[in-house]
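Colleague:
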Amino acid sequence: MDVLRTAVSMLGLYDHRAKIGEPDITANAAIALSLCAKTATIVAAYHRFRNGLEVPPIREDLTEAQHFLYLITGEVPTDTAARVLDVALILHADHGMNASTFSARVTVATLSDMYSAITAAIGALKGPLHGGANEGVIHMLQDIGELDKVDAFVEGKLSRKEKIMGIGHRVYKVLDPRAPHLRSLAAKLTGELGEPKWLKMSERIAQIMRERKGLEANVDFYSATVYYSLGIPTDLFTPIFAISRTSGWTAHVLEQLRDNRLYRPLTLYTGPKTLSPVPPIESR
7 MDVLRTAVSM LGLYDHRAKI GEPDITANAA IALSLCAKTA TIVAAYHRFR NGLEVPPIRE
67 DLTEAQHFLY LITGEVPTDT AARVLDVALI LHADHGMNAS TFSARVTVAT LSDMYSAITA
127 AIGALKGPLH GGANEGVIHM LQDIGELDKV DAFVEGKLSR KEKIMGIGHR VYKVLDPRAP
187 HLRSLAAKLT GELGEPKWLK MSERIAQIMR ERKGLEANVD FYSATVYYSL GIPTDLFTPI
247 FAISRTSGWT AHVLEQLRDN RLYRPLTLYT GPKTLSPVPP IESR
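When you read off a place in the sequence shown, starting at 1, and then add 6, the result is the number in our numbering.
#1: What would DSSP say about Ile238, mapped onto helix, strand or coil?
#2: How far does the alpha helix (DSSP H) with Leu77 in it extend, from its first residue to its last?
#3: For Ile170, name the three-state secondary structure that DSSP assigns.
#4: Just checking my contact of Asp157 with Ala223 at CB under 8 angstroms: how many whole Å lie between their CB atoms?
#5: Can you have a look at Lys279 and say buried or exposed, based on whether 16 or more other CB atoms are within 10 angstroms of its CB?
#6: Taking the Cβ atom as the reference point for each residue, do Leu153 and Lys203 lie within a distance shorter than 8 angstroms?
#7: Between Ala24 and Ile37, how many whole angstroms is the CB-CB distance? I'm expecting something under 8 angstroms.
#8: Looking at C-alpha atoms only, which residue of Arg290, Phe227, His73 is the closest neighbour of Ser282?
#9: Give me the Cα-Cα distance between Val143 and Ser118, rounded to the nearest whole angstrom.
#10: Report yes or no: do the stretch 229-244 and the stretch 81-92 share at least 3 C-beta pairs separated by less than 8 angstroms?
#11: Taking C-alpha atoms, which residue in Glu161, Ser229, Arg189 lies nearest to Arg218?
#12: Considering Glu288, what are the terminal residues of the alpha helix (DSSP H) in which it resides?
#13: Apart from the five residues just before and just after Ile150, which ones in its own chain have a Cβ nearer than 8 angstroms to its Cβ?
#14: Have a look at Thr252 and Glu81 and give me their C-alpha separation to the nearest angstrom.
#15: For Asp241 versus Ala139, is the C-beta distance shorter than 8 angstroms?
#16: Roughly how many angstroms lie between the CA atoms of Glu28 and Lys44, to the nearest whole one?
#17: If you pair each beta-carbon of the stretch 101-117 with each one of the stretch 262-273, do three or more pairs fall below 8 angstroms?
#18: Let me confirm a value: Ser229 is counted as buried when at least 16 other C-beta atoms fall within 10 Å, else exposed. Which label applies?
#19: Please report the straight-line C-alpha distance between Leu205 and Thr231, rounded to a whole angstrom.
#20: From the DSSP output, in three-state form, read off Ala223 for me.
#21: Using a threshold of 8 angstroms, state whether the C-beta atoms of Lys163 and Thr244 are closer than that.
#22: Between Met171 and Thr256, is the Cβ-Cβ spacing less than 8 angstroms?
#23: Ordered along the chain, which non-local residues of its own chain (more than five positions away) have a Cβ less than 6 angstroms from that of Ser122?
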């Protein structure tokens, strides 16, 4: 995420269209398409470089999902793998006024440029309370290890009043409508790979939390199993989220600029109201 954030910011340095002033909607629409294309390539290229590998030749005959998996692995993915990632990208593309989307709109509302807005959004998404949840889910499953250890793990978490990653949602008080789609994809993918353990563990955690706390799984809960089953390294889970969400962020930025107004929330002071200065100043 650090590399993606910095690379997107750098791109703005070399784009003459990203200048301060009255926004050019046509130019910004072109920048939006360019960013949607480039984010996946940035992430994949960095992954290859850090492993001492060359980036495969860019191809124009593959879909976005196919091309990303091809750049990561050097091989064209199966139809099932490409379809699973494609659906995951669609489901993550936009989700209302979440933290990163709000960051993008606040930034561009000052009439800053598209690159600044998307850089701000990536910075917000980097936080584990927003974009890092699916990575946290797979680490949790790895810590548990086996299906027969799930119950004791969850009970321990509940007794210590600790958070279960991927369960519950800030907005949804019922089942996240995106979660069933990823759950069915995870079932299909793990079935083909012959490795259903992670999905079974996830389903057991979800069942316990539903029965004990009335909480449902969110989209991150099953996307972790999907990405892990695709062989994607866990530290790329959040960057993939960013790849998908770039389309949503840029769409929001374009919408903001069409009828722009500067965001300026008010704050309400709730602290002490009877304080007096401490005299003399030497005693402060």
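In this text, a Cβ means the ideal position worked out from N, Cα and C, and glycines have one as well.
Modeller: To lay it out plainly:
#1: Walking along the sequence shown from the start, residue 238 turns up at place 232. DSSP places Ile238 outside both helix and strand once states are collapsed to three, so it counts as coil.
#2: Within the sequence shown, the letter at position 71 stands for residue 77. Annotation: the continuous alpha helix (DSSP H) that includes Leu77 extends over 70-79.
#3: In the sequence shown, counting from the first residue as 1, residue 170 sits at position 164. Coil, per DSSP.
#4: In the sequence shown, the residue the question calls residue 157 occupies position 151. In the sequence shown, the residue the question calls residue 223 occupies position 217. That pair is no contact at about 17 angstroms.
#5: Within the sequence shown, numbered from 1, the residue matching residue 279 stands at position 273. Exposed, by the Cβ-count rule.
#6: Position 147 of the sequence shown, counted from the start, is the residue given in the question as residue 153. Position 197 of the sequence shown, counted from the start, is the residue given in the question as residue 203. Closer than 8 angstroms, so yes.
#7: As a first step, residue 24 must be located in the sequence shown, where it is residue number 18. As a first step, residue 37 must be located in the sequence shown, where it is residue number 31. Here Ala24 really is in contact with Ile37; their C-beta atoms are around 7 angstroms apart, less than 8 angstroms.
#8: Counting from 1 along the sequence shown, the entry for residue 282 is found at position 276. Considering only alpha carbons, the answer is Arg290.
#9: The residue given as residue 143 occupies position 137 in the sequence shown. The residue given as residue 118 occupies position 112 in the sequence shown. For Val143 and Ser118, the distance between alpha carbons rounds to 36 angstroms.
#10: With the rule of 3 Cβ pairs closer than 8 angstroms, the stretch 229-244 counts as touching the stretch 81-92.
#11: If you number the sequence shown from 1, residue 218 lands on position 212. Residue Glu161 is the option with its Cα nearest to Arg218.
#12: What you label residue 288 is simply residue 282 of the sequence shown in a count that begins at 1. Note, Glu288: premise wrong, no alpha helix (DSSP H); not H, not E.
#13: For this step, residue 150 is matched to residue 144 along the sequence shown. By the criterion of a C-beta distance shorter than 8 angstroms, Ile150 is surrounded in its chain by Val156, Phe159, Met207, once the five residues flanking it on both sides are discounted.
#14: Numbered from its first residue, the sequence shown carries residue 252 at position 246. Numbered from its first residue, the sequence shown carries residue 81 at position 75. Rounded to the nearest whole angstrom, the C-alpha separation of Thr252 and Glu81 is 25 angstroms.
#15: Position 235 of the sequence shown, counted from the start, is the residue given in the question as residue 241. Position 133 of the sequence shown, counted from the start, is the residue given in the question as residue 139. Inclusion of Asp241 and Ala139 in the CB contact set at 8 angstroms is not warranted, their separation being larger than that value.
#16: Within the sequence shown, numbered from 1, the residue matching residue 28 stands at position 22. Within the sequence shown, numbered from 1, the residue matching residue 44 stands at position 38. Taking the straight line from one Cα to the other gives about 25 angstroms.
#17: Yes, they touch.
#18: In the sequence shown, counting from the first residue as 1, residue 229 sits at position 223. Its Cβ being crowded by 16 or more others within 10 Å, Ser229 is buried.
#19: Stepping through the sequence shown from its first residue, residue 205 is reached at position 199. Stepping through the sequence shown from its first residue, residue 231 is reached at position 225. Their backbone Cα atoms lie some 7 angstroms apart in a straight line.
#20: Position 217 of the sequence shown, counting from 1, holds the residue named residue 223. Look at Ala223 here: in three-state DSSP terms it is strand.
#21: Looking up residue 163 in the sequence shown gives position 157. Looking up residue 244 in the sequence shown gives position 238. Taking a C-beta distance under 8 angstroms as the contact criterion, Lys163 and Thr244 do not qualify as a contact pair.
#22: On the sequence shown, residue 171 is found 165 positions in, with the first residue counted as 1. On the sequence shown, residue 256 is found 250 positions in, with the first residue counted as 1. No, these two residues do not count as a Cβ contact at 8 angstroms.
#23: Taking the sequence shown and counting its residues from 1, the one referred to as residue 122 is at position 116. Closer than 6 angstroms at the Cβ level, and outside the excluded window around Ser122, lie Thr113.
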